[in-house]
Amino acid sequence: PLLLFLHGSGERGDDLDRVLKWGPPKHISNGRQFPCVVLSPQCPADERWSPETLAQLVDWVHGQFKIDGTRMYVTGLSMGGAGTFALLEKYPKVFAAAVPICGVIETDMPKRLAAVPIRAFVGSEDKVVHEMMSLTKAVQEAGGKARVFVFNAVGHVSWPMVYEDDEYLSWLLMHKRGVK
Numbered sequence: 184p185l186l187l188f189l190h191g192s193g194e195r196g197d198d199l200d201r202v203l204k205w206g207p208p209k210h211i212s213n214g215r216q217f218p219c220v221v222l223s224p225q226c227p228a229d230e231r232w233s234p235e236t237l238a239q240l241v242d243w244v245h246g247q248f249k250i251d252g253t254r255m256y257v258t259g260l261s262m263g264g265a266g267t268f269a270l271l272e273k274y275p276k277v278f279a280a281a282v283p284i285c286g287v288i289e290t291d292m293p294k295r296l297a298a299v300p301i302r303a304f305v306g307s308e309d310k311v312v313h314e315m316m317s318l319t320k321a322v323q324e325a326g327g328k329a330r331v332f333v334f335n336a337v338g339h340v341s342w343p344m345v346y347e348d349d350e351y352l353s354w355l356l357m358h359k360r361g362v363k
């Protein structure tokens, strides 16, 4: 399996150590083993995640390594959460499941997002909480399996609560693309 991790805006640039600040890269740098290949690219300074570039990267990694194409997953925080949604919208048939955290996009095509099971997370005090709830509802109304979990009395930095608990990873890994 492949897990694509998309960091937030604070980790952009050309210093790869910044990518190790949160989520799977942080745990790997501390010696933790993952039951999948973890791909953690770094977004250039002053840019946003490009779905086209990410899709090319995933395609290249899939071709270079023994990746199960039915078990590719994406997760991201803040800007990476928005990147997760954007990637799913542009390439809905690539990923088996997704975990976006406190990131949102505007879309008039929630049906495209409905192709992928989504478990989203956000803090109740985050400025994007209402947009994430609306987006998740739109995906559900389009026939998708999307849920949003809201951490009470938590602001924008809610991702440690997700990434410090292996439940998100177990949930991702139980999905296989093309299997309902």
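Residue 253 in the numbering used here sits at position 70 of the sequence shown; the count goes up by one each step and never skips.
In this text, a Cβ means the ideal position worked out from N, Cα and C, and glycines have one as well.
Quiz item: Going straight from the alpha carbon of residue 260 to that of residue 342, what length do you get?
Solution: 6 Å
Practice problem: Determine the DSSP secondary structure at residue 278, reduced to helix, strand or coil. | Solution: coil
Quiz item: With C-beta atoms as the reference, is residue 268 less than 8 Å away from residue 287?
Solution: yes
Exercise. Using beta-carbon positions only, say whether residue 327 and residue 296 come within less than 8 Å of one another.
Key: yes
Quiz item: Helix, strand or coil: how does DSSP classify residue 211 here?
Solution: helix
Quiz item: For the beta strand (DSSP E) that residue 255 lies in, which residues bound it at each end?
Solution: 255-260
Quiz item: From 206, 225 and 224, pick the residue whose C-alpha is nearest to that of residue 216; which is it?
Solution: The option with the nearest alpha carbon to residue 216 is 206.
Self-check item: CB-CB length for residue 333 against residue 311, believed under 8 Å
Solution: In fact, because the Cβ distance is near 11 Å, the residues do not count as touching under 8 Å.
Exercise. Return helix, strand or coil for residue 195, following the three-state DSSP convention.
Key: Here residue 195 sits in coil by DSSP.
Quiz item: Under a three-way DSSP split, which group does residue 202 fall into?
Solution: helix
Practice problem: Note down the Cα distance separating residue 223 from residue 198, rounded to an integer number of angstroms. | Solution: 13 Å
Quiz item: What's the call for residue 243, buried or exposed, on a 16-neighbour Cβ count within 10 Å?
Solution: exposed
Quiz item: When you compare only the Cα positions, how much space is there between residue 274 and residue 218?
Solution: 24 Å
Exercise. Rounded to whole angstroms, what's the CA-CA distance from residue 353 to residue 210? Just pull it up for me.
Key: 15 Å
Quiz item: If we count the other Cβ atoms within 10 Å of its Cβ and call it buried at 16 or more, is residue 313 buried or exposed?
Solution: exposed
Exercise. Provide the residue span of the alpha helix (DSSP H) that contains residue 241, from first to last.
Key: From DSSP, the alpha helix (DSSP H) with residue 241 extends over 234-247.
Quiz item: Who are the Cβ neighbours of residue 359 in its own chain at under 7 Å, not counting the five residues just before and after it?
Solution: 253, 254 and 279
Quiz prompt | Where the alpha helix (DSSP H) through residue 360 begins and ends | solution = Element bounds for residue 360: n/a, residue is neither H nor E.
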